[in-house]
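2 protein chains.
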Amino acid sequence: MMDTKTVKSISELGEFGLISYLTDNIVLKNSSTIKGIGDDAAVLSYPADRRIVVTTDLLTEGIHFNLLYVPLLHLGYKAVMVNLSDVFAMNARPRQITVSIALSSRFDTPAVSELYEGIRMACDKHGVDIVGGDTSSSRSGLHISITAIGEADKDKLVYRDGANVNDLICVSGDLGGAYMGLQLLEREKEVLKANPVGKPQLDGYSYILQRQLKPEARGDIITLLDALGIRPSSMLDISDGLSSELLHICKASNVGCSIYEEKIPMDSQTKQFAQELNINPLVAALNGGEDYELLFTVPLADYEKIKNDPDITIIGHITPPDKGANLITALGGTPIPLQAQGWRHL
Amino acid sequence: MMDTKTVKSISELGEFGLISYLTDNIVLKNSSTIKGIGDDAAVLSYPADRRIVVTTDLLTEGIHFNLLYVPLLHLGYKAVMVNLSDVFAMNARPRQITVSIALSSRFDTPAVSELYEGIRMACDKHGVDIVGGDTSSSRSGLHISITAIGEADKDKLVYRDGANVNDLICVSGDLGGAYMGLQLLEREKEVLKANPVGKPQLDGYSYILQRQLKPEARGDIITLLDALGIRPSSMLDISDGLSSELLHICKASNVGCSIYEEKIPMDSQTKQFAQELNINPLVAALNGGEDYELLFTVPLADYEKIKNDPDITIIGHITPPDKGANLITALGGTPIPLQAQGWRHL
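Structural data, given as structure tokens:
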């Protein structure tokens, strides 16, 4: 437990003091990290046969997260995972992040510490070093910008433009859970507004809540594919819903696709809560977003290697471009063109 | 001139559309950039004998900039320069940046284009590739997060902890101008509040205005030092005022310093406007910040190489740590301990 009596306020600490307070005991873990926080820039070193990947995200309060129901610890964790997920989606390994935070005066030192604790938990989980950043105030709300840097063998990088006709389309884990978790949190927020002393009814839905509040970037799938001797022909992470991501692959690779409704993996809680809200759970999987699972294609020849893996589901196959991108429904097999209706923060 | 009639609104474009609109015609310039915008992450490749430097900044409206008097074009330019300045301060060369922008609904497509135009001008000036980013909305104000990546020969990197006793302390350019430019803009803002149809009185102060609105990262000094065969023993860029930066060097290098009031380079406009406001211009130089000049130390043996360069001023020397960090005044030579009173955004 932190002794709040001895914790200085943010204005007492100042920018440099706050950064020290948050980062002084960071132990660097990666040989590619030569110098972390404390100079004008971090210094990294990678062998020449490695490719370096860089990805960045800016999360803004009221748009990407709602602090009414997202604990700061989870927010920090998720802000990192979102970026690590993009690194894994290149078939690469994350090694470093930088963290910039701007916060309004309503946040105190313990609050920032909690946020940072979540950031550090996510880094520790994937052996990532925090090597730089920036902390300042904002006129309103909390803003977190994270840049993640990773590495891959140059022959193992996977882009989104390599899918070929007849490749199998695969996803890790299950889909739609994060979206249904968000719906649950939104519902309870409304209930709480109406009855501030009521207790949120979240029992039986811990899985979809976790999918929304504490997503896990699928580094384990990258390890698994490597162990299976599989290099996907294309890959990305599902941040905006399956439809939108599939359309990215089809556009970049100049191919079409057919996926099968009954193949799309969904957890029983996702289906159950969708039923409770009279939502088709398929909509959550196709357009919900924030699942941070991996969507990838593999040559048909890899079918035997992949078919029995409990963490990977084959949901369809790549077609010639003139066939379009379609969902084949369970009832009657009618093809329905996929549409991008993912998260639009604009 | 952009034909605004054909420009779609940001909500019509959507996130992906806006990113395409802003970045579609980017031509990558660096051999270290393998893949720019368009996948989950950018892909870079550096030779093994190069060190990679990474730095990041998050600029927030109302804290770091005021759009009442900062044109978006200049803001974009400055947001990049601030980061490139940190790369140069490592004696490194910037190669790539990522750009994340969150903006409220009061910004339209031409406004974002103007901001982006400034970003691109700054990149073009220093041969830097825009390789990634993120565009989303914010509940209030504009937020820009830029990460810059650069490279240096591993034997040429300069940290802030290498200053030695008797080293000469040098600065590039002149100091205090950016701060006085800000004071001028603030004064005119107040005048304009009182008389909205009045014209701002900015004549004769174009230099200090430019120092505030369009700072230039000193890549030319890095080139010059290289040409002179000088590797500074320590270096950083002056973003928070000379005092604060000198104290960083003293702390990191475990040394003291003496700098001389009459040696501190200041432009005549800086002095003139300070006089007009009854401010000691020295305060602007020591504590004003945002000059983005380079502060560095060199061995005494380099004196002959550096003494006649018009862009570099020797302002003092490094002392043993027990002497402290002092300003020697012009009148009487009294040493005054330096204090960090730089920008504090918290």
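If you read the sequences in order, they're chains A and B.
If you're matching positions, the first sequence starts at 1 in the working numbering and goes up one per residue.
If you're matching positions, the second sequence starts at 1001 in the working numbering and goes up one per residue.
Ideal Cβ positions, reconstructed from N, Cα and C, are used throughout, including at glycine.
| Asked | Found |
| --- | --- |
| Mapping DSSP to helix, strand and coil, what is A/Leu327? | strand |
| Give the residues of chain A in contact with B/Leu1327, contact being defined as C-beta atoms less than 7 Å apart. | Those do not exist, as B/Leu1327 stays about 21 Å from chain A at its closest Cβ, beyond 7 Å. |
| Counting Cβ pairs, one atom from each stretch, are 3 or more of them under 8 Å apart for the region 153-166 of chain A and the region 55-64 of chain A? | no |
| How many angstroms separate the CA atom of A/Val128 from the CA atom of A/Arg120? | 9 Å |
| Please return the same chain residues whose Cβ sits closer than 7 Å to the Cβ of A/Lys5, not counting the five positions on each side in sequence. | Legend: pLDDT at A/Lys5 = 48, less than 50; position of this residue unreliable, value from coordinates given subsequently. Closer than 7 Å at Cβ, skipping near neighbours: no residue. |
| Answer with yes or no whether the minimum CB distance from B/Asp1161 to chain A is below 9 Å. | yes |
| Kindly indicate which residue of A/Leu331, A/Gly150 and A/Asn254 has the alpha-carbon position closest to the one of A/Gly162. | A/Asn254 |
| Are the beta-carbon atoms belonging to B/Asp1040 and A/Leu115 less than 9 Å from one another? | no |
| At a Cβ threshold of 9 Å, is B/Thr1098 touching chain A? | yes |
| Step through the CB atoms of chain A and report whether any lies within less than 9 Å of the CB of B/Asp1047. | The identity of residue 1047 of chain B in the sequence shown is Pro, whereas the question assumes Asp. Cβ-Cβ to chain A under 9 Å: yes for B/Pro1047. |
| Assign B/Gln1201 to one of two classes, buried (16 or more other C-beta atoms within 10 Å of its C-beta) or exposed (fewer than that). | exposed |
| Does the structure place the region 267-282 of chain A close enough to the region 242-254 of chain A that three or more beta carbon pairs sit under 8 Å? | no |
| Answer yes if the region 1223-1237 of chain B comes into contact with the region 1139-1151 of chain B, meaning at least three C-beta pairs across the two stretches below 8 Å, and no otherwise. | no |
| With burial defined as no fewer than 16 other Cβ atoms inside 10 Å of the residue's Cβ, what is the status of A/Glu186: buried or exposed? | exposed |
| Give me whichever residues DSSP pairs with A/Val259 in a beta bridge. | Correcting the residue identity first, residue 259 of chain A is Ile in this sequence and not Val. Answer by DSSP bridge pairing, in chain order: A/Gly316 and A/Leu327. |
| Tell me whether A/Gln212 sits in a helix, a strand or coil according to DSSP, three-state version. | helix |
| Please list the partners that B/Arg1106 has in chain A, where partner means a Cβ-to-Cβ separation under 9 Å. | Within chain A, no residue comes near B/Arg1106; the closest Cβ sits about 13 Å away, beyond 9 Å. |
| Leaving out five residues before and five after A/Gly198 in sequence, what residues of the same chain have Cβ atoms less than 8 Å from its Cβ? | Val191 and Leu192 |
| Who pairs with A/Thr297 in a beta bridge, going by DSSP? | A/Ile169 and A/Ser234 |
| If the cut-off is 9 Å on Cβ atoms, which residues from the region 1285-1303 of chain B count as contacting chain A, listed in chain order? | none |
| Does the region 291-304 of chain A come within contact of the region 168-182 of chain A, defined as at least 3 CB pairs closer than 8 Å? | yes |
| What is the DSSP secondary structure of B/Gly1132, reduced to helix, strand or coil? | strand |
| Any C-beta of chain A sitting closer than 9 Å to the C-beta of B/Leu1236? | yes |
| Does any residue of chain A have a CB that is nearer than 9 Å to the CB of B/His1126? | no |
| Strictly under 9 Å for the Cβ-Cβ distance: is B/Met1081 near chain A by that measure? | no |
| Helix, strand or coil for B/Thr1023, going by three-state DSSP, please let me know. | helix |
| If we cut at 9 Å on Cβ distances, does A/Ile52 have a partner in chain B? | yes |
| How would you label B/Glu1304, buried or exposed, when you count the other beta carbons within 10 angstroms and need 16 or more for buried? | exposed |
| Here's the rule I'm using: 16 or more other beta-carbon atoms within 10 Å means buried, otherwise exposed. How should A/Ser268 be labelled? | exposed |
| Quick one: what does DSSP say A/Val54 is sitting in, helix, strand or coil? | strand |
| Can you tell me which of B/Glu1245, B/Leu1013 and B/Gly1332 puts its alpha carbon nearest to the alpha carbon of B/Pro1368? | Lying before the first or after the last residue shown, residue 1368 of chain B is absent from chain B, which here runs from 1001 to 1346. |
| Identify, in the order they occur along the chain, each residue of the same chain with its Cβ nearer than 6 Å to the Cβ of A/Ala122, setting aside the five sequence neighbours on each side. | Tyr77, Val80 and Met81 |
| Would you say B/Thr1223 faces chain A, with C-beta separation under 9 Å as the test? | no |
| Can you check which of these residues, B/Ala1284, B/Leu1044, B/Ile1019 and B/Leu1168, is closest to B/Ile1149 by C-alpha distance? | B/Leu1044 |
| Would you grab the beta carbon distance between A/Ala284 and A/Tyr179 for me? Rounded to a whole angstrom, and I think it's under 8 Å. | 4 Å |
| Using 9 Å as the limit for Cβ to Cβ distance, is A/Asp40 near chain B? | yes |
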